[in-house]
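**Student:** Protein chains in written order, with my numbering: chain D, 21 to 384; chain B, 21 to 384. Take a look at the following structure, please.
In structure tokens:
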């Protein structure tokens, strides 16, 4: 079986590493000749919407998946008309548009921050009394890692904020006074079987995930599972999904979902019986899903824009290094390290040490 | 950094899978165009002693290692004169010759079964009164998985047994009344640092390893570590080594050693904090060695000559599948499955279920 992946970065790389033991082969389409998954797969080198390359991808792959959600609709449609594509195109369509996404959450009974569609400065001025300050103005499409977002602190910010969106259809969201940010990762097969990972507690800074850790036996687990199940079933979803949530006094509000493997699940490589990458493959190939049980305490730290000396990282107890083979540059995720141990105290110490190392080389 | 591997089978495949997260790239030399590591590495396709390919391997790789020990001496010498080669050539020379190997064990104070060098029928007839029946006649070189071996049950077997060796320099070994077969895997860096894995208890049948399991807190661990340390230090060894031992009433007798990653350590992929494959790479690159602590109970079952349905394997709790991308044929190792769980009872049940599955499809 050959799995096609749109995108050949670190997510495709980790999917491929998880897939070889299952006997799979890979083909990726990525414009970067040094794509991190290139050495691990057949590499179609060119634009994501190159018709000839997409035709090759569709022909050679038994199933196609993707490592990012901003796949142009016509690309997803073309692929879906020639081969099996998971997750399904409707999940992409919702995830690509922050307004559709928020509406969809609300429709299936999942709360969100207050929001309003913004297509003009006037829309923004009219919405803000209800939304309240501070708030955040985001383009509806193509945002990730904090890009395309402006914080609104008072009415004085509105005009320049709206100008910075350059007329892009936008959404304004009120800030939520959350205690913590969590995410839940789940995988669903075509048959309808679903497995859930334990909640991940996530620390962001500058809109970029820095640290994530598995929450074994979390009080909000059942609520998060209920929410992500609604999402999966309503979308007739196949593959791994990540739902990001705000925990507000024990109530969970949806922030966004990613129709793919997710950075907040990278601790599952060593931390879970079956990693999110392997379960994504099992799901899209309609194979039995693997156990999501955590092996003790698990977490991960991202390295952004810079890397400590490899020897220093390999010397750390309980840490597992995952380099992405990417040249460090400002704001770029170049590696992560998983921490896993049965001992909670050792875990906290190791995670703190790693965070300190990551902060020392941070360039974001 | 690029690691060259002589041989591109399942061991090279698992080395490469362990190496990508460390940021490594791979180049393998293997005559089989469908070599299991081919998709994961640059593949030099041709004979192991092809001078032009060896020159390419030596030029492109920062360090060269191998997945089998029967590397012709002139090949090892050529590579060593052009690049760094680990494990060192002297370890290969000893491991390739059962007589040198036995003598070496005895020289460094490690006991073995009784043995004698056999170069003629007369040698064999003279040796047998001391060796005793049953015994086993083996060619000194190029034997693995039970090939090139004849069992001697009585004096009546000697002539035909010797004829079957076709004049090859041989060795006769007495049978040892062992309670169990174990192996110890260790890794040594150029700096001299050594890490030891827990003993593996191994079940062979027809000369082929079937089942291996990690022995946490084994009574013979210290003795085995002492023995393998002698081996590593005397050979000024770098990389992973596997020492196979017979446990005879709590005394350990050496059977043979393998200067490479070893089938009896495959449970380390999920069963250890750091797999034997990752520690082999860390060792040959002189990086800090990783923890060899086991994660609960760990073992593995080989699939020889045939494979059960993938779905059946993936449905098993606590099992992790490792397919080698090899076409099944008689006697060929085509996959293994690791079992790992914290619960001893669950572990035994899962290992037994897997063994039954493996026996059902066995073609060895």
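The beta-carbon is built from N, C-alpha and C at its ideal position, and this holds for glycine as well.
Just checking, does the segment 253–262 of chain B make contact with the segment 272–280 of chain B on the three C-beta pairs under 8 Å criterion?
**Tutor:** Yes: the two stretches touch, three or more of their Cβ pairs being nearer than 8 Å.
**Student:** Kindly list, in the order they appear in chain D, the residues whose Cβ is closer than 7 Å to that of residue 345/B.
**Tutor:** Near residue 345/B (Cβ distances below 7 Å), the residues of chain D are 43.
**Student:** Would residue 308/B pass as an interface residue toward chain D - the criterion being a Cβ-Cβ separation below 8 Å?
**Tutor:** Taking Cβ atoms only, chain D reaches closer than 8 Å to residue 308/B, which makes this a yes.
**Student:** From the DSSP output, in three-state form, read off residue 184/B for me.
**Tutor:** Residue 184/B falls in the helix class under three-state DSSP.
**Student:** By the criterion of Cβ-Cβ separation under 7 Å, what are the contact partners of residue 129/B in chain D?
**Tutor:** Correct list: empty, because the minimum Cβ distance to chain D is about 33 Å.
**Student:** Taking all protein chains shown into account, do 16 or more other C-beta atoms lie within 10 angstroms of the C-beta of residue 162/B, making it buried, or fewer, making it exposed?
**Tutor:** It is exposed - the Cβ of residue 162/B has fewer than 16 other Cβ atoms within 10 Å.
**Student:** Compute the Euclidean distance between the alpha carbons of residue 101/D and residue 380/B, then round it to the nearest angstrom.
**Tutor:** Each residue's Cα considered, the two are about 41 Å apart.
**Student:** For residue 121/B, which residues from the same chain have a beta carbon less than 8 Å from its beta carbon, with the 5 sequence-adjacent residues on both sides left out?
**Tutor:** Closer than 8 Å at the Cβ level, and outside the excluded window around residue 121/B, lie 114, 115, 276 and 277.
**Student:** Taking only beta carbons into account, state which residues of the segment 26–41 of chain D come closer than 9 Å to chain B, listed in chain order.
**Tutor:** Flagged, chain order: 33, 34, 36, 37, 40 and 41.
**Student:** From residue 241/D to residue 23/B, what does the alpha carbon distance come to, in whole angstroms?
**Tutor:** So the alpha carbons of these two residues sit roughly 44 Å apart.
**Student:** Using the C-alpha atoms, what's the distance from residue 158/D back to residue 284/D?
**Tutor:** Roughly 22 Å separates the two Cα atoms.
**Student:** Nearest CA to the CA of residue 233/B: which residue from 55/B, 254/B, 360/B and 87/B?
**Tutor:** Looking at the Cα atoms, 360/B is the closest of the given residues.
**Student:** For residue 335/B and chain E, any beta-carbon pair shorter than 8 Å?
**Tutor:** In the structure shown, chain E does not exist; the protein chains are D and B.
**Student:** By the 9 Å beta-carbon criterion, what residues does the segment 61–75 of chain B contribute toward chain D?
**Tutor:** Those would be 61 and 62, in chain order.
**Student:** Within the continuous alpha helix (DSSP H) that includes residue 368/B, where are the two ends?
**Tutor:** Taken as a continuous stretch (DSSP letters only), the alpha helix (DSSP H) holding residue 368/B covers 364–381.
**Student:** Within its chain, find whatever has a CB closer than 6 Å to the CB of residue 82/D; leave out the 5 residues flanking it on each side and keep chain order.
**Tutor:** Only 21 and 22 meet the Cβ criterion.
**Student:** Using a Cβ-Cβ cutoff of less than 6 Å, which residues in the same chain neighbour residue 30/B once the five nearest sequence positions on both sides are dropped?
**Tutor:** Within the same chain, residue 30/B has close Cβ partners 56 and 344.
**Student:** Please name the residue or residues paired with residue 196/B in a DSSP beta bridge.
**Tutor:** DSSP output for residue 196/B lists no bridge partner at all.
**Student:** Based on Cα-Cα distance, which residue from 339/B, 239/B and 292/B lies nearest to residue 269/B?
**Tutor:** The candidate whose alpha carbon is nearest that of residue 269/B is 239/B.
**Student:** Since residue 106/B contacts residue 193/B with CB under 8 Å, what's their CB separation in whole angstroms?
**Tutor:** Residue 106/B to residue 193/B, Cβ: 29 Å. No contact.
**Student:** Can you name the residues that DSSP bridges to residue 265/D?
**Tutor:** In the DSSP output, where bridge partners are listed per residue, residue 265/D has 202/D and 274/D.
**Student:** Under 7 Å Cβ to Cβ from residue 141/B, same chain only, skipping five residues before and after it: list those, please.
**Tutor:** Hits under 7 Å: 178, 179 and 182.
**Student:** What residues of chain B sit near residue 330/D, judged by a beta carbon separation below 8 Å?
**Tutor:** Neighbours of residue 330/D on chain B, chain order: 42, 43 and 307.
**Student:** Starting from residue 151/B, trace the beta strand (DSSP E) in both directions and tell me its first and last residue.
**Tutor:** Note, residue 151/B: premise wrong, no beta strand (DSSP E); alpha helix (DSSP H) at 141–151.
**Student:** In its own chain, which residues sit with a C-beta less than 8 Å from the C-beta of residue 338/B, not counting the 5 before and 5 after it?
**Tutor:** Cβ neighbours of residue 338/B beyond the five flanking positions: 359, 360, 361, 366, 367 and 370.
**Student:** Note down, in chain order, each residue of its chain lying with its Cβ closer than 7 Å to the Cβ of residue 243/D, except the 5 sequence neighbours on either side.
**Tutor:** Hits under 7 Å: 272.
**Student:** What first and last residue would you give for the beta strand (DSSP E) that runs through residue 45/B?
**Tutor:** Its beta strand (DSSP E) spans residues 45–50.
**Student:** Given that residue 212/D touches chain B, what residues does it touch there, using C-beta distances under 8 Å?
**Tutor:** Result: empty, since nearest Cβ-Cβ is about 16 Å, beyond 8 Å.
**Student:** Alpha carbon to alpha carbon, how far is residue 334/D from residue 374/D?
**Tutor:** Taking the straight line from one Cα to the other gives about 11 Å.
**Student:** For residue 216/B, write down the residues that DSSP places opposite it in a beta bridge.
**Tutor:** DSSP output for residue 216/B lists 206/B as bridge partner(s).
**Student:** Between residue 302/D and chain B, is any beta-carbon pair separated by less than 8 Å?
**Tutor:** Taking Cβ atoms only, chain B reaches closer than 8 Å to residue 302/D, which makes this a yes.
**Student:** Report the CB separation of residue 348/D from residue 326/D in whole angstroms; it is logged as a contact under 8 Å.
**Tutor:** Contact flag correct, Cβ pair sits at about 5 Å.
**Student:** Counting contacts by CB-CB distance shorter than 8 Å, is residue 295/B in contact with chain D?
**Tutor:** Not closer than 8 Å to any Cβ of chain D, the Cβ of residue 295/B fails to qualify, so no.
**Student:** Buried or exposed: residue 346/D, going by 16 or more other Cβ atoms within 10 Å of its Cβ?
**Tutor:** Looking at its Cβ environment, which holds 16 or more other Cβ atoms inside 10 Å, residue 346/D is buried.
**Student:** Does the distance from the CB of residue 297/D to the CB of residue 38/D come in under 8 Å?
**Tutor:** Yes, Cβ-Cβ distance for residue 297/D and residue 38/D is below 8 Å.
**Student:** Hey, how far is the Cα of residue 172/B from the Cα of residue 153/B?
**Tutor:** Residue 172/B and residue 153/B: Cα-Cα distance of roughly 7 Å.
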